[in-house]
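Peer 1: Mapping the sequence shown onto the working numbering, position 127 (from 1) lands on 1245, and the numbers just tick up by one. Even glycine gets a Cβ: it sits at the ideal position worked out from N, Cα and C.
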Amino acid sequence: MKYRTMGKLGVQASAFGLGCMRFNGAASGDSVIDEGKAISLIRRAIDGGVTYIDTAYVYLDKTSETVLGKALRDGYREKVTIATKMPKEYVHNRGEMEALLESELQKLQTNYIDFYLMHGINRQKWEEFKAIGAPEFFDDMKKAGKIRYKCFSFHGPYEDFEYILNDWDWDMVQIQYNFMDIDHQAGTRGLELAGRKGIPVVIMEGLLGGRLAKAPANVQALYDAFPVRRTPVEWAFRWLCNHPEVSVVLSGCNEAEQIDENLRIFDTVDANIMDEKELALMDDVRAAYLSRTRIGCTACRYCMPCPNGVNIPGVFSVWNNVSLYETDPNENFQFKRILEQNAGADRCVQCGACEAACPQHLPIIDSLQEAWRELNA
Ligand SMILES: NC(=O)c1ccc[n+]([C@@H]2O[C@H](COP(=O)([O-])OP(=O)(O)OC[C@H]3O[C@@H](n4cnc5c(N)ncnc54)[C@H](OP(=O)(O)O)[C@@H]3O)[C@@H](O)[C@H]2O)c1
Ligand code: SF4
Ligand code: SF4
1119 MKYRTMGKLG VQASAFGLGC MRFNGAASGD SVIDEGKAIS LIRRAIDGGV
1169 TYIDTAYVYL DKTSETVLGK ALRDGYREKV TIATKMPKEY VHNRGEMEAL
1219 LESELQKLQT NYIDFYLMHG INRQKWEEFK AIGAPEFFDD MKKAGKIRYK
1269 CFSFHGPYED FEYILNDWDW DMVQIQYNFM DIDHQAGTRG LELAGRKGIP
1319 VVIMEGLLGG RLAKAPANVQ ALYDAFPVRR TPVEWAFRWL CNHPEVSVVL
1369 SGCNEAEQID ENLRIFDTVD ANIMDEKELA LMDDVRAAYL SRTRIGCTAC
1419 RYCMPCPNGV NIPGVFSVWN NVSLYETDPN ENFQFKRILE QNAGADRCVQ
1469 CGACEAACPQ HLPIIDSLQE AWRELNA
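1) Looking at the structure shown, is Tyr1170 part of a helix, part of a strand, or coil, going by DSSP?
2) Among Ala1262, Asp1258, Phe1255, Asp1289, which residue has its Cα nearest to the Cα of Thr1271?
3) Determine, using beta-carbon pairs with one atom in the segment 1127–1139 and one in the segment 1362–1369, whether at least three such pairs fall under 8 angstroms.
4) Spatial neighbours of Ala1354 within its chain, please: CB distance less than 7 angstroms, with the 5 preceding and 5 following residues excluded, ordered by chain position.
5) With respect to the beta strand (DSSP E) encompassing Asp1301, which residues constitute its N-terminal and C-terminal limits?
6) If we require 4 or more residues per run, which alpha helix (DSSP H) segments fall completely within the segment 1338–1395?
7) Tell me the residue span of the alpha helix (DSSP H) that contains Asp1232.
8) Please find out if some non-hydrogen atom of ligand 1 comes closer than 6 angstroms to the beta-carbon of Arg1241.
9) Roughly how many angstroms separate the alpha carbons of Asn1211 and Ile1250, rounded to a whole number?
10) Ignore the nearest five residues each way along the sequence and tell me which others in Gly1313's own chain have a CB closer than 6 angstroms to its CB.
11) If you count every other CB in all the chains shown that lies within 10 Å of the CB of Pro1423, and 16 or more means buried, which is it?
12) Residues in its own chain within less than 8 angstroms of Ile1321 by CB, not counting five upstream and five downstream?
13) Is it right to say Pro1345 is buried, meaning 16 or more other beta carbons lie within 10 angstroms of its own, or is it exposed?
14) Counting only runs that start and end within the segment 1188–1259, where is the beta strand (DSSP E) found for 3 or more residues in a row?
15) Using a Cβ-based criterion (distance less than 6 angstroms to any ligand heavy atom), does Gly1470 qualify as near ligand 2?
16) So is Asp1278 buried or exposed if we call it buried at 16+ other beta carbons inside 10 Å?
17) Which residue marks the beginning of the alpha helix (DSSP H) containing Tyr1177, and which one marks its end?
18) Can the beta-carbon of Arg1356 be found less than 7 angstroms from the beta-carbon of Val1387?
19) To the nearest angstrom, how far is it from the Cα of Asn1448 to the Cα of Leu1178?
20) What is the C-beta distance between Ala1461 and Asn1429, in whole angstroms, given that I count them as a contact (C-beta under 8 angstroms)?
21) If you reduce the DSSP assignment to three classes, tell me which class Ala1131 lands in.
22) Let me know if Asn1426 comes out buried or exposed under the rule of 16 or more other beta-carbons within 10 Å of its beta-carbon.
23) Just to confirm my understanding: we take Val1185, look at its own chain, exclude 5 residues before and 5 after, and list those with CB closer than 7 angstroms. What are they?
24) Beta carbon of Ile1483: closer than 6 angstroms to some heavy atom of ligand 2?
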């Protein structure tokens, strides 16, 4: 495992940080997480050298922090730093912020949180956080030793990012970034701005929620033609870690094999190791993906549940996969399941709740209709 210094904080962190947003459900269907499996995955990552773990109050129906707390018993807490988050939707005053933080500490079974983030903010949410005194609260909690660093995770346009970053003395920032998102959200400009200010950057969605792990034929042909053989996941993480401003790359893993593969990859990556030919390859790969992607949904599920039962990320995933991998929707397992569960886009009543929640600002309503027309054609 390679370790990196987190900007001005000077803290050492593993380049691979484990994200706790995507653990699989229990096979019995009576729980949102297969708890035993999640705990063993978390410990496997830590045993392999991971020192940075990311979760949030809302992940996995609010069970993610609880499972992480259990995984960090037996001496594991001392081996890692924990990042978790405060969602604006759940706090409207100081009392609610205090109660929310206390409940997170309890669930995590710890006395302090290392990195405490205002969750998924844009400029509007930052203003809302300021209006309820969140910056003062974070400062007070830092003084009290309940949090070590005051941070935010970001979803929004670059202009918002620049404004927020310059508006307070943040200790760390978490952004969505990968070789497809260079001009999207904070993008490369945001990464470099944080780097110039010495603010450590933690990366989320480094594989675009898993989409970059499975190369479609036109992308795989490019990888295959390159003289050095690497997996798509390895190319994606190598490209991220090539940026010296990146401190930690988060990845959510569902299987032990994914943890092991990522541990192997993060043993080999470093800043400024890619030559011009490798960088040109990634430009070609980006163009090849863009030529076939129907919608930039990252399957983060912030829009779910839809009050009318539409499986929004499911429909978009099928739409993208059918286009990327040139397959027949009628042979797509996920599409069949959506039809069986009556969770298709035909149930949408255009209430707009999903669009307000989408960190990618996708035109979900229109896109669902277009996707449904094409998939059923
Ligand atoms: N603060 C925020 O607003 C926010 C938003 C999004 C994410 N996050 C955090 O950032 C973390 C990372 O984001 P992410 O989960 O989207 O990361 P990601 O790395 O883009 O996607 C994770 C998915 O990639 C696939 N994967 C990972 N390693 C793999 C490997 N070696 N081989 C093949 N597939 C692999 C898995 O997909 P399959 O499930 O298909 O196997 C996994 O679920 C999250 O877990 C969460 O903690 C925060
Ligand atoms: S607009 Fe449609 S898909 Fe979105 S939440 Fe409302 S009913 Fe569901
Ligand atoms: S539509 Fe938006 S909020 Fe919903 S899963 Fe996709 S990216 Fe996330």
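Peer 2: This is what the structure gives:
1) Against the sequence shown, residue 1170 aligns to sequence position 52. Tyr1170: strand per DSSP, three-state reduction.
2) Sequence index remark: in the sequence shown, residue 1271 carries index 153 (1-based). First, the residue type needs correcting, since residue 1271 is Ser and not Thr in the sequence shown. Of the candidates Ala1262, Asp1258, Phe1255, Asp1289, the one whose C-alpha sits nearest the C-alpha of Ser1271 is Asp1289.
3) yes
4) Within the sequence shown, the letter at position 236 stands for residue 1354. Result list for Ala1354: Asn1296, Phe1297, Gly1324, Leu1325, Leu1330, in chain order.
5) Taking the first residue of the sequence shown as 1, we reach residue 1301 at position 183. Counting along the chain, Asp1301 falls outside any beta strand (DSSP E), and DSSP gives it neither H nor E.
6) 1350–1359, 1374–1383
7) Counting from 1 along the sequence shown, the entry for residue 1232 is found at position 114. First-last for Asp1232: 1231–1239, but that is the beta strand (DSSP E), not the alpha helix (DSSP H).
8) In the sequence shown, counting from the first residue as 1, residue 1241 sits at position 123. Checking the Cβ of Arg1241 against ligand 1 gives no.
9) Residue numbering aside, residue 1211 sits at position 93 when the sequence shown is read from its first letter. Residue numbering aside, residue 1250 sits at position 132 when the sequence shown is read from its first letter. So the two alpha carbons sit approximately 5 angstroms from each other.
10) Residue 1313 sits at position 195 when you count from the first residue of the sequence shown. Hits under 6 angstroms: Glu1363.
11) Indexing the sequence shown from 1 puts residue 1423 at position 305. Its Cβ having fewer than 16 others within 10 Å, Pro1423 is exposed.
12) Walking along the sequence shown from the start, residue 1321 turns up at place 203. Around Ile1321: Gln1292, Ile1293, Gln1294, Tyr1295, Asn1296, Leu1358, Val1364, Val1366, Val1367, Leu1368.
13) Here residue 1345 corresponds to residue number 227 of the sequence shown, with the count starting at 1. Burial call: exposed.
14) 1199–1204, 1231–1239
15) Residue numbering aside, residue 1470 sits at position 352 when the sequence shown is read from its first letter. Yes, the beta carbon of Gly1470 sits closer than 6 angstroms to at least one heavy atom of ligand 2.
16) Position 160 of the sequence shown, counted from the first residue, corresponds to residue 1278. Buried: at least 16 other Cβ atoms inside 10 Å.
17) For the purposes of this step, residue 1177 is taken as the residue at position 59 of the sequence shown. Element bounds for Tyr1177: 1177–1180.
18) Numbered from its first residue, the sequence shown carries residue 1356 at position 238. Numbered from its first residue, the sequence shown carries residue 1387 at position 269. Cβ distance < 7 angstroms, so Arg1356 and Val1387 count as in contact.
19) Within the sequence shown, the letter at position 330 stands for residue 1448. Within the sequence shown, the letter at position 60 stands for residue 1178. The straight-line gap from Cα to Cα measures roughly 30 angstroms.
20) In the sequence shown, the residue the question calls residue 1461 occupies position 343. In the sequence shown, the residue the question calls residue 1429 occupies position 311. Between Asn1429 and Ala1461 the Cβ distance is about 4 angstroms, and since that is below 8 angstroms, they are a contact.
21) The residue you call residue 1131 lines up with position 13 of the sequence shown. The answer is strand: DSSP assigns Ala1131 an E or B state.
22) For this step, residue 1426 is matched to residue 308 along the sequence shown. Answer is exposed; the Cβ neighbour count stays below 16.
23) Within the sequence shown, residue 1185 is the residue found at index 67, counting from 1. Taken in chain order, the residues that qualify are Ile1151, Glu1153, Ala1156, Ile1157.
24) As a working mapping, residue 1483 is identified with position 365 in the sequence shown. Correct: Ile1483 has its Cβ closer than 6 angstroms to ligand 2.
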